[in-house]
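Engineer: Quick one: this structure, given as C-alpha cells, is what I'll be asking you about.
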Amino acid sequence: MRFKDEALVVLRRALGPSAAFRDGQFEAIQALVTDRRRLLVVQRTGWGKSAVYFVATRLLRDRGAGVTIIVSPLLALMRDQIEAATRLNLHAVTINSENRDDWSQIEDQLLSGAVDLLLVSPERFNNNDFRERLLGPLTSTAGLLVIDEAHCISDWGHDFRPDYRRMVRVLELMAPGVPVLCTTATANDRVIDDISHQLGAELTVIRGSLDRESLSLHAVEIPLTVERLAWLAKWIPRMEGSGIVYCLTVADTLRVADWLMENGIAAAAYSGETDALLRRDIEQQLKSNRVKVVAATSALGMGFDKPDLSFVIHFQSPDSPVAYYQQVGRAGRAVDDAEVVLLWGERDEDIWQYFLETGLPMQWHAEEVVSYLESVADWVKVQDIESNVNMPNARITGLLKVLDVEGAVEKEHSRYRRTLRNWSFDTERIDRVRAARLNEQQAMRDYATSAECRMKFIRTALDDADAGQCGRCDNCAGNRYDSALESTAVARALTFMRKRPITIDPRKRWAGPRSGTIANQLEAGRALCYLSDPGWGDQLLDAKRQHSLLSNDLVLAASKLVNEWLPDFDGAIAYVPSLDPERELVADFATRLAELLGVQLSDCIVKKRHNEPQKLMENSAQQIFNVEGVFEIRQPVPPGPVLLIDDVVDSRWTMTVLGDLLIRAGTGPVYPFAVAKIKG
94 MRFKDEALVV LRRALGPSAA FRDGQFEAIQ ALVTDRRRLL VVQRTGWGKS
144 AVYFVATRLL RDRGAGVTII VSPLLALMRD QIEAATRLNL HAVTINSENR
194 DDWSQIEDQL LSGAVDLLLV SPERFNNNDF RERLLGPLTS TAGLLVIDEA
244 HCISDWGHDF RPDYRRMVRV LELMAPGVPV LCTTATANDR VIDDISHQLG
294 AELTVIRGSL DRESLSLHAV EIPLTVERLA WLAKWIPRME GSGIVYCLTV
344 ADTLRVADWL MENGIAAAAY SGETDALLRR DIEQQLKSNR VKVVAATSAL
394 GMGFDKPDLS FVIHFQSPDS PVAYYQQVGR AGRAVDDAEV VLLWGERDED
444 IWQYFLETGL PMQWHAEEVV SYLESVADWV KVQDIESNVN MPNARITGLL
494 KVLDVEGAVE KEHSRYRRTL RNWSFDTERI DRVRAARLNE QQAMRDYATS
544 AECRMKFIRT ALDDADAGQC GRCDNCAGNR YDSALESTAV ARALTFMRKR
594 PITIDPRKRW AGPRSGTIAN QLEAGRALCY LSDPGWGDQL LDAKRQHSLL
644 SNDLVLAASK LVNEWLPDFD GAIAYVPSLD PERELVADFA TRLAELLGVQ
694 LSDCIVKKRH NEPQKLMENS AQQIFNVEGV FEIRQPVPPG PVLLIDDVVD
744 SRWTMTVLGD LLIRAGTGPV YPFAVAKIKG
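Each residue of the sequence shown is one higher than the one before, starting from 94 at the first, in this note's numbering.
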C-alpha cells in the first residue's frame, strides 16, 4: 500500500469514510514519518493540526517507534486530545495535578512501552520526580515530540510561558533523528523566527492562510461595565446557538454569568480558579448546548474543541491581535456564519497595563531576588523571599521560573537556591519585548476604531501575506450590532451590580512574621461595591482624591446592605483610624452608619504611629509587617459583635490584624465591612 493511502486509511478510521486530507496535512505527516524532520506548522484554528500528530503517531507506532510526547499547555486541551486519540486506538495518558493517584500506574505503563501518547504540560519537565524517574527513559525512546501551542516558546508570543523554554533542553536529550512537530495558530513572523532560532535552523515551516470564512467580526464601543452588561442581555438572546463571552478578569466572568442567569440565559463562569471537576462539567455543558453562554477567561481557549460554537463576544478587549485571533478562532469551525463582537472602551487599558507590569520582569525586581538568594547561600522557599523582598507572590514565582530556565537558580521541590552560573539581567531583550507589547496594544486600539476590513486587519497583524477583504465584517457588510441601550436596561444592570453580595473572605493562616492558623479569625464580611464600579466606586474615588466626605445616599445604601446581611446585629461599630487630619472619611462614614443602624460607635482602636499605605506593600508578609505594632486597643471594648469599618479592602491584612487584637481584648465576633473592594 502506498504511504499516502495508508495515511488516508488511518485518517478515515478517526474521522469517517469520507474524510480527506486538507492542504498541507499529508505533507506534514510525510515529513514526520518518512523524512523524520522537525516541523513548525502555523495553521488557523480548525485546520486539523491535531490530526497530523495523531495520524503520524499511529503510523510511527505501527512501524515500531516509541511513545509520542505531546507538550500541551492546558488541561482542557489535554482532555479533548485524549478523547480524540481513542478513535485511532491510541492509548493516551496524561500526568497532571488532577490525577496524582494514577501516577504510579501510568509510570509503569510508560516504562513498559504500553502507552502510545503521553500528554504533559511544560511545567512537568521542572518536576523533580518526573525528571528523575521518567525524563531519561522517555527522551531516549520517544518516537515523536509534539510541542502544541508552540508560540508559548517565544517571549514575543502573546502567551509566553517560561517553562516552554525547557523544550530546547528536552530536544538536546532526544535520540538523533526523532521527528519534532511544533504547532500553533497564532504566530507572526517575529515569533516564527524566534522559535526557529531556539529549536534549530533545520526547522521546516509549513504556513497556511489565516482567513476564517465563517466569522463575521464586529466592534462596538461601550465604555462602562454596566452598559456592557445591558448590551449582553439585549443581544445574546438574539444570537443562534451557544458561545463564549471572554473576560479579562475572573471577577468579570462571575459577574457576567450571574447577570445572564438573572436575565433567563443559561450561563456558567469558567476560569483557572474554577474547581477542576466543575471546569470539566462546564466544558461538557457547552459542548452539548446545555448552557447558552460560558463567561470565561483565556483558560477556556487553546485547544477547546466545539466545532459548532456560534459566537464569541469579548467583554473587554484583549491587548494583542494575536490573542484576539486565538480566542475568536473558537467559533465557526463547523457553522457557516459565526458572530464575533468586541466590546471596547478606554477602561480596558487599565487591565492591559496591569498585565504588562506583572507579566514582564523589571530589572530591579530580578536583581533584588537574585541578591537575596546570594545573601542566603542556601535553599529557601518562596515565603522566605516574600518576607525579605517587597514583591507580589505571582511576580516572585514568575521570576523564579525565568531564573531557573536561565540557570541562575535551581529548584528542588518547593525550594530554590542561587547557582554558581554568572547571570545578568537582559535589559535589551526585555525592553524589546515591552516595546512589542505596547505596539500590540496600539494595534488593538487601531483595530477597534478602524474603518477597514477587520479580518484583513487581523490577518495583516499576523503577517498573513494573502490577507484580503472578507466581505463579512461590520466594515465590509454593515454593523448588525449597535450600542443603543434603553435607560431602563442600564438601570437594571446597575441595580444588579449594586445588590450582588461582595464578600470579604476571612484569612485562615498567618504569613511573614507570624505562622500557623489564625485563632481569632474574622467572620465573612461584605463590601458595598468594587472600586472600579460606576456609581459608588466612582464616588469613593472622588471623595478620596478631594479629601471630602461620602454622600448620604451612599451611607444609606450601606445601612440597607448591613440590615439585609446582619438583620439582627445589636453590637457596635469600630473603624480603622487615621493619623492624617485630612482623612476623616472613614471616621465620618462609621459615625453616620452607626446612627442609621442605631448602634454604638466605639473608638477603641487607636493608631499609635504612621505607616506606609498598604497598597505599597506587595505581598502578605510585607503587608503584615506594615501593620504590626501600628494599632492598639483601648478599653473598654464592646463586649458583643463588632462591625469593623474601612473605606477600601484589598489584602485584608489590616482588618485581620485588627480583628485579632479586638477579639483578644474581649470583643465578640468581628465582621469586616468596606465601602469598596479593590479586586473586581
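We put the beta carbon where it would ideally sit given N, CA and C, even for glycine.
1. Considering only residues of the same chain and omitting the five flanking positions on each side of His-458, which have a CB-CB separation below 7 Å?
2. Decide if Phe-96 is buried, meaning its Cβ has at least 16 other Cβ atoms within 10 Å, or exposed.
3. Could you check if Gln-728 is buried or exposed, using at least 16 other CB atoms within 10 Å of its CB as the buried criterion?
4. Between the stretch 188-202 and the stretch 134-148, do three or more beta carbon pairs fall short of 8 Å?
5. Taking C-alpha atoms, which residue in Ala-344, Ser-625, Asp-598 lies nearest to Glu-616?
6. Between Val-469 and Thr-490, is the Cβ-Cβ spacing less than 8 Å?
7. Pop quiz: Val-433 and Phe-404 are said to be a contact at Cβ under 8 Å. What is the actual Cβ separation, rounded to whole angstroms?
8. Would you kindly check if the distance between the Cβ of Val-482 and the Cβ of Arg-510 is under 8 Å?
9. Report the three-state DSSP secondary structure of Thr-342 (helix, strand or coil).
10. Between the Cα of Leu-393 and those of Asn-219, Thr-367, Asp-155, Arg-321, spot the shortest distance and give me the residue it belongs to.
11. Check the C-beta distance from Ala-278 over to Gln-174 and give it rounded, since I have them as a contact under 8 Å.
12. Using a 10 Å radius around the Cβ and a threshold of 16 neighbouring Cβ atoms, would you call Met-94 buried or exposed?
13. Going by other Cβ atoms of all chains shown within 10 Å of its Cβ, with 16 needed for buried, is Pro-731 buried or exposed?
14. What do you reckon, are the CB atoms on Leu-672 and Lys-700 nearer than 8 Å?
15. Quick one: any contact between the stretch 600-608 and the stretch 552-569, if contact means 3 or more CB pairs under 8 Å?
16. Nearest-angstrom Cα distance between Phe-662 and Arg-254?
17. Can you name, in chain order, every residue of its own chain whose Cβ lies under 7 Å from the Cβ of Arg-685, other than the five neighbours on each side?
18. Along the chain, where does the alpha helix (DSSP H) that runs through Trp-603 open and close?
19. So which of Gly-759, Leu-751, Glu-721, Arg-757 has the shortest CA-CA distance to Phe-766?
20. Got a sec? Which residues, its chain only, sit under 7 Å from Thr-150 by beta carbon, not counting five neighbours each side?
21. When DSSP builds the beta bridges, which residues end up paired with Lys-474?
22. Alpha carbons only, please: which of Ala-528, Gly-571, Leu-531, Leu-496 is nearest the one belonging to Arg-514?
23. Please name the residue or residues paired with Cys-245 in a DSSP beta bridge.
24. Quick one: grab the DSSP three-state call for Glu-725.
25. Check Arg-131 in the structure and name its three-state DSSP category.
26. Which of the three DSSP states, helix, strand or coil, is assigned to Thr-596?
27. Provide the residue span of the beta strand (DSSP E) that contains Gly-630, from first to last.
28. Taking only the alpha-carbon atoms, compute the straight-line gap between Asn-56 and Arg-440 and give it to the nearest angstrom.
29. Judging by CA-CA distance, which residue of Gly-117, Ile-246, Lys-770, Thr-232 is the nearest neighbour of Val-498?
30. Look at the Cβ atom of Leu-819, then the Cβ atom of His-407, and state whether they are nearer than 8 Å.
31. Do Arg-591 and Trp-629 have their beta-carbon atoms positioned less than 8 Å apart in this structure?
32. Under 8 Å, do Tyr-417 and Met-537 count as touching if we go by C-beta distance?
33. Ile-698 and Ala-665: beta carbons closer than 8 Å?
34. List the residues that DSSP assigns as beta-bridge partners of Val-387.
35. I think Glu-299 touches Glu-461, with their Cβ atoms under 8 Å apart; what is that distance to the nearest whole Å?
36. Would DSSP call His-184 helix, strand or coil?
Structural biologist: Checking against the coordinates, here is how it stands:
1. Around His-458: Met-484, Arg-488, Leu-492.
2. Exposed is the call here.
3. Answer is exposed; the Cβ neighbour count stays below 16.
4. Segments in contact, no.
5. For the options Ala-344, Ser-625, Asp-598, the alpha carbon positioned closest to that of Glu-616 is the one of Asp-598.
6. No; because the gap between Cβ atoms is not below 8 Å, this pair is not in contact.
7. Contact holds; Cβ gap of about 7 Å.
8. Taking C-beta atoms as the reference points, Arg-510 and Val-482 fail to come closer than 8 Å.
9. In the structure shown, Thr-342 sits in coil (DSSP, three-state: anything other than H, G, I, E or B).
10. Comparing Cα positions, the closest option is Thr-367.
11. Contact flag wrong, Cβ pair sits at about 15 Å.
12. Classified as exposed, Met-94 has fewer than 16 neighbouring CB atoms from the shown chains inside 10 Å of its CB.
13. It counts as buried.
14. In contact: Leu-672 and Lys-700 (Cβ atoms closer than 8 Å).
15. The stretch 600-608 vs the stretch 552-569: no contact.
16. Phe-662 and Arg-254 have their C-alpha atoms spaced approximately 49 Å apart.
17. Closer than 7 Å at the Cβ level, and outside the excluded window around Arg-685, lie Val-648.
18. Trp-603 -> no alpha helix (DSSP H), and no H or E assigned at all.
19. Nearest C-alpha to Phe-766: Leu-751.
20. Taken in chain order, the residues that qualify are Thr-161, Leu-183, Asp-209, Leu-210, Leu-237.
21. Lys-474 is bridged to Arg-508.
22. Taking only the C-alpha atoms, the option nearest Arg-514 is Leu-496.
23. Residue pairing by DSSP leaves Cys-245 without any beta bridge partner.
24. DSSP places Glu-725 in strand when its eight states are reduced to three.
25. Reduced to three states, the DSSP call for Arg-131 is strand.
26. If DSSP states are grouped into helix, strand and coil, Thr-596 belongs with the strands.
27. Membership of Gly-630 in any beta strand (DSSP E) is not indicated; the residue belongs instead to the alpha helix (DSSP H) covering 629-639.
28. No answer is possible for residue 56: the residues shown for the chain start at 94 and end at 773.
29. Checked all of Gly-117, Ile-246, Lys-770, Thr-232; the closest Cα to Val-498 is Ile-246.
30. Residue 819 falls outside the range modelled here, since the chain spans only 94 to 773, and no answer is possible.
31. In this structure, Arg-591 lies closer than 8 Å to Trp-629 by Cβ.
32. Yes, they are a contact pair.
33. No, these two residues do not count as a Cβ contact at 8 Å.
34. Bridge partners of Val-387: Ile-337, Ala-361.
35. Going by the sequence as given, residue 299 is Ile instead of Glu. No, Ile-299 and Glu-461 are not in contact; Cβ-Cβ is about 44 Å, not under 8 Å.
36. DSSP places His-184 in coil when its eight states are reduced to three.
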